[in-house]
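Chemist: For reference, the structure I am asking about is given below.
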Amino acid sequence: MKTDIPKEYREDFFRAVIDTVTDPVALVSKDFKILYHNKMVSKIYGSIVGKLCFETMFGLKQPCEDCLMLDVLKDGKPKKKIGKFELPNGRIVWAEASATPFKNAEGEIIGIIDILRDITEQK
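Encoded structure:
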């Protein structure tokens, strides 16, 4: 990717871009650890970097039965689903969850980008 942003500012720039997104966005490792998340995730769940996504976000002891991340790791293709999600404050929302493979320069999947879009008003 070509960019005119000086190298020493790129990380801050890209973090600022992701933090501007109003949907919760998280980068999750192949072993389900949250590597990075934007400010919207912090607003909902607090700081959860280093924690397991299924424990922190869903209160489970193992990956969700219908885990999009597992499906992405199997075939390398982005996945989406719509469903009800309970937030830590007890609020139930309809959301579109998407999981997209995050690849290194060699094309190997090194993580998953998870995005949760609240679609309650459309339902």
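According to the numbering used here, the sequence shown holds residues 19 to 141 in order. Glycine included, each C-beta is placed from N, C-alpha and C at the ideal position. Only a predicted model underlies this, so the values are computations on that prediction, with no experimental measurement involved.
Kindly indicate which three-state DSSP category E126 falls into: helix, strand or coil?
Modeler: DSSP places E126 in coil when its eight states are reduced to three.
Chemist: Alpha carbon to alpha carbon, how far is L45 from A34? Give it in angstroms, no decimals.
Modeler: Using only the alpha carbons, I get a separation of about 15 angstroms.
Chemist: Count the other CB atoms within 10 Å of the CB of T74; is the residue buried (16 or more) or exposed (fewer)?
Modeler: Burial call: buried.
Chemist: Check S65 in the structure and name its three-state DSSP category.
Modeler: In this structure, S65 counts as coil in the three-state DSSP scheme.
Chemist: Given a cut-off of 9 angstroms on the beta-carbon distance, is the pair L86 and D132 in contact?
Modeler: A contact, by the Cβ cut-off of 9 angstroms.
Chemist: Exposed or buried, what is N122 when buried is set at 16 or more other beta-carbons lying within 10 Å of its beta-carbon?
Modeler: N122 comes out exposed.
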